[in-house]
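What follows is a short report on a single structure.
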Ligand code: G6P
C-alpha cells in the first residue's frame, strides 16, 4: 500500500528518489521520507508529513547528497500519519529501512526488542524490523545475512529495502507478499514497488519471486532465493511504449484516463477479435483446455474490479449459460465455501497486487478450484504470475486513484472471454458475430459520449451543494449504477448509494426529496419500460432525476427530469458506454467542489495490505 524506491549509482540519487516517489504517490501519500548514505558514510534522513511535494520543498533547502539511498511514500496502517511514523525508520544511526506491507507479529517482536534494550520512537511495525536487523548485525556483521535472519522471524506481507552505513556500497531488498521490482541500469541499479517509479531511469526490470533476497550494487545484482541459493531472474523490457505517468495537457490524471478510453478499449480488443469472431487462441495456449467443461464461474475482486465482475455475471449467464457467482475478495477469503465441480476461478484486478484478491486466489488453488484465470492490467504483477491463464487489459498505467479506464478495459476483456466461453457452450455463430461487431463499435461510441463532456460539466453544477445522491440501474446497468456511485463518493465525498431500480420502493424511496438528486442510466433494453415506472415513482415524491438515456428509450425531459441522450448501443455492450458519463459527472462535481481528484483523502490506488 505504500511505495518504496531505492537507488545505488555513480550519480547523486536524491533526484531519482524524489521522482520515483512522485510516481508512487498513488500507493499512499500521507507522509514521505528518504535516507541517503553520504560521502562520510553517515545516514542522512528527511521525513515530512503530507505529500511528496512537501518533502521535496524541505529537501530543496536541505538537500541530501549521496550515491546510495532509499525512499518511501506512506499510507498509514500502524500509527497515525506523522513525522515519527514516516519512513525510513532507523535503528541507531547506522541502519535505515523502508517497508511496504504489514508485519503481523510485530507486537511480540517489539516486546522482545525492548527487553534487549532497543528504544522505539514510532508506533509502526516497520521500526521493529529495523531493530531486529540491527540486532542481528551486531553478531553477524553482514547486512545480507542480518536481513535473512530477521525475515525468518517475520509473519505477514512485506517488501523491504535496507541500507547500513558500514556497507555504503549496496542495499539489500527482499519481498514476501508485497511487490518489488529491480530496475537495471548502466553503472547504477534501482528498486521500487512498481516499475512506473523507475521509468525515467530505465526500461529494464527484474521481478523478484516470493522469498527472494537481493543485494543491489551499482554494477551488480545478486539474488538468492528462500533457500539461500543464487538464482537468476529474467530481465524484461517495459512494455507500454509511452510513459503514461504524465498528465500531458489534462488538468488531472483522472480526466486524461477517461479520455484515453476509446484508445485503450481498442488496444484491449486488438489481436483478440477478428471482424466477426473471437480468436480464442489469442487468450492463451491454455485457453481451449481451460474453457472446456466449465460448469460454473466464481469471480473474485475488490472495488471497481468487483463491479466489472458483477457486469460479467450478467454476460456469462446470458451468453454462455454458465452459472456465475461474484464476491468481494475480503468476504470470500474468510468463509467456508461449497466448491461446485468444474468451477473456473476468475480474479479481476487492475494492479494484480490487491492483497485480498491474491489471498483469495491462493486459497482457491489450495481448495481445489479447477483453474485460475486472471484479468489484469499490470504485466509481471503477482496475479499475472500466479494465474493459470491471464487476459491482460491494455489500459496502460492508471494513476488516478478513482479507476476509470481500467474498468472499461476489464469489461472489454471480460466480454471477449465470455464469448469464448459461450462458444464452448453452444452460442450460435451469428450471435457471436453480432456481439463482436458491437465490440468494434465501442471506441466510437465512447468518443461520442466524451463529446458530451461540456453538457455533463453543466449538469454537475446541480450536485455541488448536495450531501446525498442515489444511483439507479436495472439488470447489467445495476453494477454501472454502483460504479457511478462509487466514483462520486470517492472523489467528491458526496454520499452516493446505488440501488437496483426495482428495490426503490423497499426503502430508499423514503429518502427521496428535492435535496437528493437521483441519477439513472437508461439504455434501450427490455427493462426500460420498467425503469420508466421507477422514475415516475421518484418524480411523484419531488425527486430530481438525471437520466442518461438511449435516444430510442423514450425518456422525455420534463419537470424534474433532466435527460442526456446517449448513442444507441447494443444492450450487451451498453454497460461499457453508460459508465463513461457517470465518470465525467463525478469528475466535474469533484472539480467544482475543489477536492483532490487524483488523490482523494484516505484512499490509495493499490491496496497491498489486508
Ligand atoms: C483500491 C482502488 C480502486 C480499485 C481497488 C481494487 O480500492 O482505489 O480503484 O478498484 O483497489 O484494485 P485492483 O487493483 O485489484 O483492481
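In UniProt numbering, the protein residues as written are 1 to 610. Here a beta-carbon is modelled for each residue, glycine too, at the ideal position from N, C-alpha and C.
So, at 6 Å on beta carbons, what are the nonlocal neighbours of residue i in its own chain, with the 5 sequence-adjacent residues on each side left out?
i	result
residue 100	2, 4, 159, 178 and 193
residue 477	521
residue 278	416, 419 and 420
residue 480	473, 521, 575, 578 and 579
residue 22	52
residue 310	326 and 479
residue 555	522, 547, 549 and 563
Where does residue i fall in DSSP's three states?
i	result
residue 197	helix
residue 226	coil
residue 402	coil
residue 73	strand
residue 204	strand
residue 345	strand
residue 500	strand
residue 253	helix
residue 52	helix
residue 337	coil
residue 238	coil
residue 454	helix
residue 41	coil
residue 129	helix
residue 152	coil
residue 494	coil
residue 392	strand
residue 277	coil
residue 606	coil
residue 121	coil
residue 288	helix
residue 552	coil
residue 301	strand
Given this structure, state the Cα-to-Cα distance separating residue i from residue j, to the nearest angstrom.
i	j	result
residue 467	residue 500	21 Å
residue 163	residue 74	19 Å
residue 270	residue 131	51 Å
residue 217	residue 29	28 Å
residue 599	residue 254	10 Å
residue 405	residue 399	10 Å
residue 505	residue 535	11 Å
residue 591	residue 510	30 Å
residue 582	residue 487	8 Å
residue 43	residue 14	13 Å
residue 574	residue 561	21 Å
residue 396	residue 141	44 Å
residue 295	residue 366	19 Å
residue 347	residue 542	42 Å
residue 441	residue 385	32 Å
residue 308	residue 411	6 Å
Relative to ligand 2, is the shortest distance from any of its heavy atoms to the C-beta of residue i smaller than 7 Å?
i	result
residue 346	Ligand 2 is absent from the structure shown, which contains only ligand 1.
Ignore the nearest five residues each way along the sequence and tell me which others in residue i's own chain have a CB closer than 8 Å to its CB.
i	result
residue 237	203, 204 and 205
residue 222	214, 215 and 230
residue 280	287, 288, 291, 420 and 423
residue 619	Absent from the structure is residue 619, since the part of the chain shown begins at 1 and ends at 610.
residue 212	174, 175, 223, 224, 225, 226, 231 and 233
residue 63	14
Exposed or buried, residue i, counting other C-beta atoms within 10 Å across all chains shown (16 or more means buried)?
i	result
residue 60	exposed
residue 85	buried
residue 552	exposed
residue 524	buried
residue 220	exposed
residue 242	Unreliable positioning characterises residue 242 in this predicted model, as indicated by a pLDDT of 48, which lies under 50. The coordinate reading is nonetheless provided below. The residue in question, residue 242, is exposed, as its Cβ has fewer than 16 Cβ neighbours within 10 Å.
residue 106	buried
residue 152	exposed
residue 275	exposed
residue 483	buried
residue 387	buried
residue 451	exposed
residue 377	buried
residue 320	buried
Note down, in chain order, each residue of its chain lying with its Cβ closer than 7 Å to the Cβ of residue i, except the 5 sequence neighbours on either side.
i	result
residue 317	323 and 324
residue 327	300
residue 614	The question about residue 614 has no answer, for the chain in this structure spans 1 to 610.
residue 588	456, 457 and 460
residue 262	443, 446 and 447
residue 356	302, 329, 330, 333 and 610
residue 584	258, 453 and 456
Next on the checklist: Any residue with its Cβ nearer than 6 Å to a heavy atom of ligand 1 should be included. What is that list in chain order?
Outcome noted: With the criterion CB distance below 6 Å from any heavy atom of ligand 1, the matching residues run 302, 303, 304, 305, 349, 350, 351, 354, 357, 401, 403, 603, 605, 606 and 607 along the chain.
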